[in-house]
Amino acid sequence: MTLVLVFSGLLFAIGTYGVLTRRNAITLLISVEILMNAANLNFVAFSRLWEPELMTGQVFALVGISIAACEAAVGLALILAIFRRFGTTDVGRIDFLRG
Amino acid sequence: MLDSDVQIALFAAFGGIAVIAALAAVLTRYLLRSIVAFGAFLTAIAGQFYILAADFVALIQIFVYVGGVVVLILFALMLSAVGQKHPLAVSEHRGLGAVVAYAVGGWLVWAAFGQDLPKAGQVPGETVAFLGRAFLDQQLVAFEVIGIILLAAVVAALVIVRGERL
Amino acid sequence: MSEELLADVFFLLGFGVAGLMLPMVPLLLLRYIRPQHPSAVKLQPYESGVVQTTAPRRPFHMAYYNFALVFIVFEVETVLLFAVSPVLRDASWMDLLKAGIFVVLVSDGLFYAWRKGALVWK
Amino acid sequence: MEVNWPDWLNFDWLDLGWLELPWVDTNWFHDNWYGLLLLGFFWGVVVFTMVGALTAVYVYVERKVSARIQGRLGPMETGPHGLLQTLVDVVKLAVKEDVRPAAADALAFRLAPLLVVVPAVMAFVVVPFGVPMVIRDLNVGILYFLAVPSVTGVGLLLAGWASYDNYSFLGGLRASAQFISYEIPRTLAVVTVVMLSGSLSSAGLIGAQADTTWFVLLLPLSFVIYAVTTLAEVNRVPFDIPEAESELVAGFHTEYSGFRWSLFFLGEYASLTTASAFAVALFFGGGLGPVLPPVVWFVLKTAVIVFFAVVLRFTLPRFRQDQLMALAWKYFLPLSLVNLLLAGLVMKAVF
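Protein chains in written order, with the numbering used here: chain A, 12 to 110; chain B, 898 to 1063; chain C, 18 to 139; chain D, 4 to 354.
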């Protein structure tokens, strides 16, 4: 059980690093998906600890996967819209709010 | 025999693959490699789910993520034609990012060792039947809310990508 | 019970290794048999037999992405139906109604996309 | 999955019996992790070899049938009636030069054929050949059958993209757009079957059909949807737009040659076989049938379906891309949603 937590912690850290340092929008999205997977791993693991026959953790993992898919759909739509507007997906160079 | 030691070893093996693949996905400067590593990462996580007695979730992971989200990301890569031959730019905040990541990771791992967790309960064999009942009974709200979220997602994404008003 | 699932994982691993090895090992071994005489002309893309005039991998039109969007949403829907459908056989009308509401909710997305013309190939 | 099989289906002596050789302790394989790994590896080798051999047979049958339909003779030179033709072709493909365009992306170019062929072969794990016999009866077998081959979409897209070729790129985009579009109605058709069978394991599926009747009689519409969408999934005529020779040269595998090309070919035929075999399991009762042993019934039924797909290839014209997408989203998806409703009613009527 501790092992699960260690792995999900490591993955979460990697995802955090990706979110903080990458500038390409698509890599950012991948990093966010890594974060969500780390969380899902914990949901599934904890599902075995308390009342396994209720499956609450697994249900939450399924909800998490669904939401990650929706997030990817909307996020990539945004990325494509940004690309058509600015010709780049580098979030550091999208500065139309700076005026 | 297939005792818990074997289980832990296999879990750790999948975990190692997942960590390496995630590192590769985050650190590589070529977008396509990042996506391929992401696919490997997702598969390793699916293996971990399967070991944790969540076979249904594991296959959903493959179905939705590898067969769906990765295809979607590849589509986006192709439609935006970025980072294809030349490496990507990396932001100047790498040091800060590393510090924060170490802090978060260290804290989470420390927290993992600090807990006194109960032993895993007996897992029902037919996970799917229990999952189905859960979705129809206790978790009905989650089930229907996903429906609404999906609806919202498709409407929102179409509006954004087509650049028109509702 | 989770022991059986663990056995499944090992079995599938073995199967997958075999599945990966059987195409890859001949591929590596045949490297020593087959001819290998690359030349600049041979390594050009074939296309349709004429010299490439435009670079591929340019931004392509968005119609593909519209379909991919609707696809991912419906994929999630079918997946959740998979979770629910095995218990429906012995379930009450009420349960059927619950599943039906879910299907109708998601189908609205299809009708929206249809009405907005996102499903037209252009 | 525990199923109570009717007595007349008792063919224990045939199913898996041959594996339990007197000098082999079969329990050993199931008790150790390395035993299981070996068992999986063994089955992997068996299945892969079988798929390869079957593909060779298919190619021969397809050539002969097409020749018959078009009033030709087909391959005649190598061996009696050209029986050795495919064998010779395999040798030729194996020793052919493997050309990778200089501009291609090496990683994706190498990965793509594997992503097409391995999932197609792995799907065999859950195909119920005999009545209780499945290579491995997973609890979530039916979902496995749909989930694992869905990885192929990634392979198609990568192959087209990696080649650095306009035609391949277009072919790859079209192929995976078609693949994902037809995946939805197909999955929904399978969901109706799951509703009736009440379990996701493939043994349970056959068991439910032993209890009632072939599901094709209860859900004819599901079968029609499954059959047509499967043709589209495996890029068979009339849905072979990704490889439309007159428009896109050869689609996403234009730049591939030799052994790598043959992997795409193998993957396509392997997925045709799995899909047909699973169609038998889903709708035609798998190995259920009187007198003959289940395995024989299963092979016979599958052969009929595959033969039908072969004949179809030479009788129908090809769809246009826009028609193809419209067919998937505007006809089959609504149809399969209605079918879902119908299946609910049928289910309440039968059970």
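Ideal placement from N, C-alpha and C gives every residue a C-beta, glycine not left out. Since this is a predicted model, take the numbers as computed values, not measurements.
Name the DSSP beta bridge partners of residue i, please?
| i | result |
| --- | --- |
| VAL137 of chain D | D:PRO131 |
Run through DSSP, which three-state label would residue i get?
| i | result |
| --- | --- |
| ARG33 of chain A | strand |
| ASP101 of chain A | strand |
| ILE50 of chain C | coil |
| ASN53 of chain A | helix |
| ALA352 of chain D | helix |
| LEU87 of chain D | coil |
| ALA24 of chain C | helix |
| ASN342 of chain D | helix |
| THR318 of chain D | coil |
| ASN142 of chain D | coil |
| LEU57 of chain D | helix |
| PHE287 of chain D | coil |
| THR277 of chain D | helix |
| GLY980 of chain B | Per-residue confidence for GLY980 of chain B stands at a pLDDT of 48, beneath the threshold of 50, marking its modelled position as unreliable; the derived number appears in the next sentence. Three-state result, GLY980 of chain B: coil. |
| THR1024 of chain B | helix |
| ARG323 of chain D | coil |
| ARG132 of chain C | helix |
Residue i to residue j, Cα distance in whole Å?
| i | j | result |
| --- | --- | --- |
| PHE91 of chain C | ALA59 of chain D | 37 Å |
| VAL309 of chain D | ALA235 of chain D | 14 Å |
| LYS95 of chain D | ARG51 of chain C | 10 Å |
| LEU44 of chain C | GLY964 of chain B | 26 Å |
| ASP107 of chain C | PHE354 of chain D | 8 Å |
| ALA1054 of chain B | ALA88 of chain A | 6 Å |
| GLY980 of chain B | ALA36 of chain A | Low per-residue confidence applies at GLY980 of chain B: pLDDT is 48, beneath 50, and the placement is therefore not dependable enough to give any value. |
| GLU82 of chain A | VAL54 of chain D | 39 Å |
| ALA123 of chain D | ALA346 of chain D | 29 Å |
| LEU199 of chain D | GLN53 of chain C | 56 Å |
| ALA951 of chain B | GLY134 of chain C | 40 Å |
| LEU233 of chain D | PHE281 of chain D | First, the amino acid is wrong: residue 233 of chain D is Thr here, not Leu. Roughly 11 Å between the two C-alpha positions. |
| VAL102 of chain D | LEU1037 of chain B | 55 Å |
| PRO297 of chain D | LEU303 of chain D | 10 Å |
| VAL143 of chain D | ALA126 of chain D | 12 Å |
| PHE172 of chain D | ALA180 of chain D | 12 Å |
| LEU907 of chain B | VAL85 of chain A | 35 Å |
| ILE959 of chain B | VAL50 of chain D | 22 Å |
| GLU100 of chain D | TRP264 of chain D | 11 Å |
| GLY994 of chain B | ALA111 of chain D | 30 Å |
| LEU974 of chain B | PHE317 of chain D | 37 Å |
| GLY210 of chain D | THR277 of chain D | 20 Å |
I want to verify the contact list: residues of chain B whose CB lies under 8 Å from the CB of residue i, in sequence order.
| i | result |
| --- | --- |
| LEU47 of chain D | The question names Leu, but residue 47 of chain D is Gly in the sequence shown. Per Cβ cutoff of 8 Å: no residues; GLY47 of chain D is ~17 Å from chain B at best. |
| VAL157 of chain D | GLY936, VAL963, GLY964, VAL967, VAL968, LEU971 |
| ALA130 of chain C | VAL1051, LEU1055 |
Under 9 Å Cβ-Cβ, which residues of chain D neighbour residue i?
| i | result |
| --- | --- |
| ILE118 of chain C | Those do not exist, as ILE118 of chain C stays about 12 Å from chain D at its closest Cβ, beyond 9 Å. |
List the residues of chain C whose Cβ lies closer than 8 Å to the Cβ of residue i, in chain order.
| i | result |
| --- | --- |
| GLN952 of chain B | Just to set this straight, residue 952 of chain B is Asp in the shown sequence, not Gln. Simply LEU22, ASP25. |
| LEU1033 of chain B | VAL101, VAL104, ALA108, ASP112, LYS115, ALA116 |
| SER184 of chain D | PHE84, PHE88 |
Using the beta-carbon of each residue, which ones in chain C are nearer than 7 Å to residue i?
| i | result |
| --- | --- |
| ALA180 of chain D | TYR81, PHE84 |
| ARG930 of chain B | Going along chain C, no residue has its Cβ under 7 Å from ARG930 of chain B, so there is no contact; the nearest lies around 16 Å. |
Could you list which residues in chain A have their beta carbon closer than 8 Å to that of residue i, in chain order?
| i | result |
| --- | --- |
| ILE970 of chain B | ILE37, LEU40, ILE41, ALA83, LEU87 |
Using a Cβ cut-off of 8 Å, pull out every chain D residue sitting near residue i, in sequence order please.
| i | result |
| --- | --- |
| ILE959 of chain B | ALA150, VAL151, SER153, VAL154 |
Check the Cβ of residue i against every Cβ in chain D and list those closer than 7 Å, keeping chain order.
| i | result |
| --- | --- |
| LEU98 of chain C | VAL194 |
| ARG106 of chain C | MET198, LEU199, GLY201, MET350, PHE354 |
| VAL933 of chain B | LEU110, LEU114 |
| LEU956 of chain B | VAL143, LEU146, TYR147, ALA150 |
Who are the neighbours of residue i on chain B, taking C-beta pairs under 7 Å?
| i | result |
| --- | --- |
| ALA80 of chain A | VAL961, GLY965, VAL966 |
| ASN142 of chain D | ASP952, GLU1023, THR1024, VAL1025 |
| ASP108 of chain D | LEU929 |
| VAL123 of chain C | GLY1044, LEU1047, LEU1048 |
Using a cut-off of 9 Å between C-beta atoms, extract the partners of residue i located in chain B.
| i | result |
| --- | --- |
| GLY126 of chain C | LEU1047, LEU1048, ALA1049, ALA1050, VAL1051, VAL1052, LEU1055 |
| LEU46 of chain A | Simply none; closest approach about 10 Å. |
So which residues on chain A does residue i lean against when the C-beta distance must stay under 7 Å?
| i | result |
| --- | --- |
| VAL152 of chain C | In the structure as shown, chain C starts at 18 and stops at 139, and residue 152 of chain C therefore has no counterpart that could be examined. |
Identify the contact partners of residue i in chain C, using a Cβ-Cβ distance below 9 Å as the criterion.
| i | result |
| --- | --- |
| VAL1058 of chain B | MET79, TYR82, ASN83, LEU86, ALA135 |
Can you pull the chain A neighbours of residue i, defined as C-beta to C-beta under 9 Å?
| i | result |
| --- | --- |
| VAL90 of chain C | ALA80, CYS81, ALA84 |
With respect to 7 Å, is the separation between the Cβ of residue i and the closest non-hydrogen atom of the ligand SAM below this value?
| i | result |
| --- | --- |
| LEU173 of chain D | The ligand SAM is not part of the structure shown, which contains no ligands of any sort. |
Open item on the list: For a minimum of 4 consecutive residues, which ranges assigned as the alpha helix (DSSP H) are wholly contained in the segment 165-238 of chain D?
Closed with: 169-200, 205-214, 218-221, 223-236
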